[in-house]
Structure formats: C-alpha cells, structure tokens
Amino acid sequence: MYYFASSAALPAELLRSIDSYLGRWGIALLLVFLLLALLGNLLLKRRMQHNRALLQSNKEMLATILDSVDAFIYIKSPSLEYQYVNRRMSDLFGLPADKIIGKRDAAFFDAGSAAEINQVDRNVLDSGKKVTVEESNVLRGESQVRTFLSIKMPLSMSPGAPPSLCGISTELTDYLEMQSRTHYLAFYDSLTGLPNRRLLMDSLTATIDHDEWTIFFSAVLVIDLDNFRLVNDIQGHESGDQLLVSVAEQLRQRLDEEVTLARFSSDEFVVLIKNLGEEQKDAALKAERVGRQLLEVIAQLRSSHSLPISASIGISLFTGAGEYSMDSVLQQADMALQQAKSAGGNTLRFFNNEMQTSVLERASLEADLHQALKRNELALHYQVQVDHQGVTTGVEALLRWYHPQRGWVSPATFIPLAEENRLIVPIGYWVLRSACEQLAKWSHQPAYAPLSISVNVSSVQFQQPEFVRDVEELLAETLAPPNRLVLEVTESLLMHEPVRVRSTMLKLRARGIRFALDDFGTGYSSLSYLKRLPLDELKIDQSFIRELLTDKTDAAIVDTTILLAVSLGLTVVAEGVEKKEQFDWLRGHGCYRYQGYLFGRPTPIEYLFESY
Numbered sequence: 001m002y003y004f005a006s007s008a009a010l011p012a013e014l015l016r017s018i019d020s021y022l023g024r025w026g027i028a029l030l031l032v033f034l035l036l037a038l039l040g041n042l043l044l045k046r047r048m049q050h051n052r053a054l055l056q057s058n059k060e061m062l063a064t065i066l067d068s069v070d071a072f073i074y075i076k077s078p079s080l081e082y083q084y085v086n087r088r089m090s091d092l093f094g095l096p097a098d099k100i101i102g103k104r105d106a107a108f109f110d111a112g113s114a115a116e117i118n119q120v121d122r123n124v125l126d127s128g129k130k131v132t133v134e135e136s137n138v139l140r141g142e143s144q145v146r147t148f149l150s151i152k153m154p155l156s157m158s159p160g161a162p163p164s165l166c167g168i169s170t171e172l173t174d175y176l177e178m179q180s181r182t183h184y185l186a187f188y189d190s191l192t193g194l195p196n197r198r199l200l201m202d203s204l205t206a207t208i209d210h211d212e213w214t215i216f217f218s219a220v221l222v223i224d225l226d227n228f229r230l231v232n233d234i235q236g237h238e239s240g241d242q243l244l245v246s247v248a249e250q251l252r253q254r255l256d257e258e259v260t261l262a263r264f265s266s267d268e269f270v271v272l273i274k275n276l277g278e279e280q281k282d283a284a285l286k287a288e289r290v291g292r293q294l295l296e297v298i299a300q301l302r303s304s305h306s307l308p309i310s311a312s313i314g315i316s317l318f319t320g321a322g323e324y325s326m327d328s329v330l331q332q333a334d335m336a337l338q339q340a341k342s343a344g345g346n347t348l349r350f351f352n353n354e355m356q357t358s359v360l361e362r363a364s365l366e367a368d369l370h371q372a373l374k375r376n377e378l379a380l381h382y383q384v385q386v387d388h389q390g391v392t393t394g395v396e397a398l399l400r401w402y403h404p405q406r407g408w409v410s411p412a413t414f415i416p417l418a419e420e421n422r423l424i425v426p427i428g429y430w431v432l433r434s435a436c437e438q439l440a441k442w443s444h445q446p447a448y449a450p451l452s453i454s455v456n457v458s459s460v461q462f463q464q465p466e467f468v469r470d471v472e473e474l475l476a477e478t479l480a481p482p483n484r485l486v487l488e489v490t491e492s493l494l495m496h497e498p499v500r501v502r503s504t505m506l507k508l509r510a511r512g513i514r515f516a517l518d519d520f521g522t523g524y525s526s527l528s529y530l531k532r533l534p535l536d537e538l539k540i541d542q543s544f545i546r547e548l549l550t551d552k553t554d555a556a557i558v559d560t561t562i563l564l565a566v567s568l569g570l571t572v573v574a575e576g577v578e579k580k581e582q583f584d585w586l587r588g589h590g591c592y593r594y595q596g597y598l599f600g601r602p603t604p605i606e607y608l609f610e611s612y
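Be aware that the sequence shown starts at 1, since it is given in UniProt numbering, and climbs by one per residue.
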C-alpha cells in the first residue's frame, strides 16, 4: 500500500519541481530578453545619434562646399520661392540667408529682370528639362546690367510631390567686360578711339573679297600730317597727341557713318570709302571731293602754339574684281601719298601706272644696290685738284657704280638711295678704307706723297657713334698719313646737332685729319658755324661757277664767298671749272684752288697720272 502511494505521489512532486525549475528559467529568460531589448534600444539610440551627427556633419560639410563654390547656388520651391541659397547668393543680394528664404525674385531684381527669370524658371518646371541660359539682370537699386550663365533643372524633393528648381549661376560680367576691353585694344587705337591698322586691314580685305562689289569702285585715302614731327619737337609729345585727337575728331565728324576712318600709324590716317559707283571717273571725282574736304578740315586746325597744320593725301581706287589685294591697294595709296609729299604737301595725288613703274624701278635698283658692294661693282674714280699754277695738289675720290645690266648708274640716283636705306654706312666705310690704302701707297712714292685725297662723308655715316673709332682704326691699319686725308662734309650736317658734330670734328682734327665744307652756298650755313667748326677748306658749288661769267648775281656770290673764306683763314676750292675764262676770273679774284673738267675728268686711279 505504501509502495503504490509513493509511486502515485512522485509525479506530482516532480511536476512541481519541474514547474518551479521552469518558472525560474522563464524569469531568467525574460530578464535576458528584457536586457537584450534594453541593450538593443541603447545601441539603436546610439546609432541614431551617430547617424544624426554624421548627417549633420555631412550637411555642414555640404554647406561649406556650396558656400565655397564660386557660383550662385539656390533651390526654389514649386511656387518659385527660395528654399536654399549659398553664401554667394547672400553676398549678391546683400542679405543673410534667412532674409532670402521664402521670398521670390521680385524682391531682389527689378521688374523686368524678375519677369524674365520667372519665365525661364517656370518653363524648366513645366518641361521637366535642364536648360543652360545666359541671363542679363539688374538688381534692385542698381543700374549695372549683370550677365549670368545659369544651369537650371527640376529637383524632386519627395516622391509624388511637385518638383522644386535647382539653379547654379556663374557671373560673366567681369569676363565680358575684359573680353570687350581685349577686343577694343586689339582693334581700336587707344589714343583716338578710331579703328586701328588691324581692323582697317580686315575691313579692306572684306571689301575687296565682297562678291556683290566686283563691279563697283571703292577708294582708300592715306592721310599723313605734314611736318608733324615739328609739333612733337617744339611743343612736346603731349601737344602732339592732343593734335592727333583733334584731327581724328574733326575727320570723324566730316565723314559719313558708312565710311571707315582708321589711325594707321603715328600721324597717318586711312579712310576707306566703299561703293563709289561703276564708273571710274565718277568714283575718282567723289573720292577727290572727300579728300579736298578733309584737307580743308585739317588746315583749319592749329596746334596749341598756333603752328599751322596741313596734310598730304594719297588716293587709290580699286574694285573687287580680283585684280587687287589688300597690300597692293595700300601700296598704291602710299605711292600717291609720297607724290603729294614731294609736291610740297597740303595736296592730294591719285595713284597711276607711272608711279608704279617708278616705284618698282626704284625698288629693283635698291635691291641691286644691296649686292653692289659684295659683287665688287663699286669703284672709286679720282678727279685732280690744282693750284693757280696748274700744279696738282690733291684729288677727290668720287664713288661710281657700274651695274652689269644697267651700265653706269648716276651717283645722283644711287647715293641718295643708299642714304635712305643706310647702305651708305658700309659703302662709306669701304670708300674711306680705299682712300686710306691709296694714301698709304703714295706715302712711299715721293712724287705723290704730298697729295691729299678728299672723301665725301654722308651725314648718316658721320653721325654713327663708332665713326671716330672706325677712322682711327683705318689710319692705324693702313698707316695712311692723317694730314693727307680731307673729309668733305655738307652744310646740312653742320646744321644738325652742331655740338655733337663739332666734338666729332675736333677729335678727328686732333689726329691731323682736315675738313672741307662741300657745295658751299647751296644750303643754309650760318657764319657762326664757319667760325666755330675746325674747317680747312671751303668748296664753292659748281652751280655758281657755271654762270659765273654771265650772271652778275653768281659772280657776286662767288666773290663774297672768296672774301669770306680768306677772312676766316680757309682755303677756297672752286668746283666745276670747265673754261679757261672761268679759271682766269677766279684766279683774278683770289681763288687759287680748282677742280673741274678743265683740269681733268674723274678717272680710275691707274689712268689718273698718265700725263703727270
């Protein structure tokens, strides 16, 4: 009985034990679950705080980036009210961001600009497409037009909501102003405001190439102020600049708007007149009428010290028929200008074929002259100088050029050309070397040792800084006796920088070199120059000797010159003596040195003294 009772009671106790055990574990599990939930909640909160902090950091970083970008960045609501602006937008409007948010463009731009912005923004939102547009706007309270390059696009802020507008704008105002300034500097003259050489040449090329104007004549007028350098020299460059501005303004007022007026160089202006008609004669008359008017306008101007102003004009007519180029038209007008200058200025000339022939011939001659020295085409001929007893006292070295095709070229033709292009410097050096070498040879021949050689020195050569050094080196190299070398200078040289000229002459005179004043009476000599400069000889120009016996004026000039030279202690040499009667007259009036065909023609050195 006892056994069965114990057996029946055991499951109940076991169940109670198990239940107690399970209860304790349930509570433990619940506690664990609650603990895990608490920990999860803490971790979630920490993660949310971290994410919130990260989001805030990213937001601040993004704001910093957007504020640092050199562009205007903004977001507008679907109703086009500002929702976000970066710092550049605040700077543009001069307001903090919170004073801009919620407002529309009408609060910041003038009415016209606000309406244009609104139209563009509304089109972007309605079309849903990104656009790039250049906008020109005026801020409230300002008058300056600001130009922006804007990129605008729709921006979805949340699903299903109408899109906002995101915009990025870059201001182009300074760039466009700089571009405009660069264009102005490239194509316009900074002093007068006129089109410059580059723009004129572009316009001229376009006129020549214009298909519709192939049968119509146009004209180029090159205007050059006469003696403009005097204004700069006498009154200064500021007065010269003011004169150029006045000339430009007066010419601009007189010409029609469709006529191009440009400043081509320092004191040179160019006028381009298009479409003067199909008849050359009528076109020439129209161009001449304009040219005469411009000459009158310029002649009415005076500098600040009432110096008279005049101009010369060269005119070239042309068509677009393929016969002309920009260079040829300008070249022809310049040729005509030089003709106007040669005529004394204050006039105009048209280009013609004779001018072209003359200029081309001159250019060809100049090109050949560049090679003449190298090809040994230059030579020295010598003409004797004698005293009143017929004894040879010296010779004058005369430059000659024998061209293989042209034959003998006149010195009156090629020497001025050599002076213009400065070839006279190397040529003059060669002449001096040849003369010194000849003097050195004669110094060892008793019959010729007393003779002198006179050499003409160009003013261009004489004014070279190294001229004295060159002469001294030649004398040292050739061992020529300096006292037998006579340098002939002209009156024009003595008039130019007299202090510097006198200094150069004194340095050479100290070496024993003598000086002669050539062609006396043909220039503008001052007696003070004759007195102050170290001259030894005075040569009377042959133009006075030629009519000496028949023209009382020439005779009086020669007689006075002889008396003047004697009073100054100078030796007088008469050039161009061809007749015995001239020789007798000169000797009777106190001139005892002569040069001319009566005593001998210029001849190469090997034939000079065949009868000596």
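Note that CB positions come from ideal geometry on N, CA and C, so glycine has one too.
- Out of S265, G240, T205 and G193, the CA that lies nearest to the CA of R252 is found in G193.
- Close CB contacts of P195 within its chain, under the 8 Å cut and outside five residues either way in sequence, are with F187, Y188, D189, S203, T260, L261, A262 and R263 (chain order).
- The three-state secondary structure of C436, taken from DSSP, is helix.
- The straight-line gap separating the alpha-carbon atoms of N421 and N137 is approximately 59 Å.
- The straight-line gap separating the alpha-carbon atoms of V32 and K45 is approximately 20 Å.
- For F515, the enclosing beta strand (DSSP E) covers residues R514 to F520.
- Residue environment for G344: exposed (fewer than 16 other C-beta atoms within 10 angstroms of its C-beta).
- Annotation: the continuous beta strand (DSSP E) that includes E488 extends over L485 to V489.
- Taking 8 Å as the upper bound for CB-CB distance, S169 and F148 are in contact here, some 4 Å apart.
- It is roughly 15 Å from the alpha-carbon of L95 to the alpha-carbon of E142.
- Below 8 Å, enough C-beta pairs join the region 421 to 435 and the region 469 to 476 to call them touching: three or more.
- I313 and L285 do not touch by the CB rule: their CB atoms are close to 15 Å apart, not below 8 Å.
- An exposed status is given to Q119, since fewer than 16 other beta-carbon atoms sit within 10 Å of its beta-carbon.
- Bounds of the alpha helix (DSSP H) holding R509 are P498 to R509.
- Inter-residue distance for Q464 and F515 is about 17 Å (C-alpha atoms, whole angstroms).
- Counting every other CB atom within 10 Å of its CB across the protein chains shown gives S364 a total below 16, marking it as exposed.
- Excluding sequence positions up to five before and after G291, its CB lies within less than 8 Å of the CB of L221, I313, I315 and L348, all in the same chain and listed in chain order.
- The region 263 to 280 and the region 236 to 248 touch, with no fewer than 3 CB-CB distances between them shorter than 8 Å.
- Secondary structure at T561: helix, using DSSP grouped into helix, strand and coil.
- Per DSSP, Q595 is one residue of the beta strand (DSSP E) stretching across R593 to Q595.
- For the pair K507 and V468, the CB atoms are nearer than the 8 Å cut-off.
- Annotation: V138 is outside any alpha helix (DSSP H) and is labelled neither H nor E by DSSP.
- The DSSP-derived three-state label of H370 is helix.
- Counting along the chain, the unbroken alpha helix (DSSP H) around P411 starts and ends at P411 to E420.
- Comparing alpha carbon positions, the residue from Q383, N456, S567 and T550 closest to D519 is N456.
- Assignment of A161 by DSSP, reduced to helix, strand and coil, places it in the coil class.
- With a cut-off of 8 Å on Cβ pairs, the region 593 to 602 is not in contact with the region 365 to 373, counting fewer than three such pairs.
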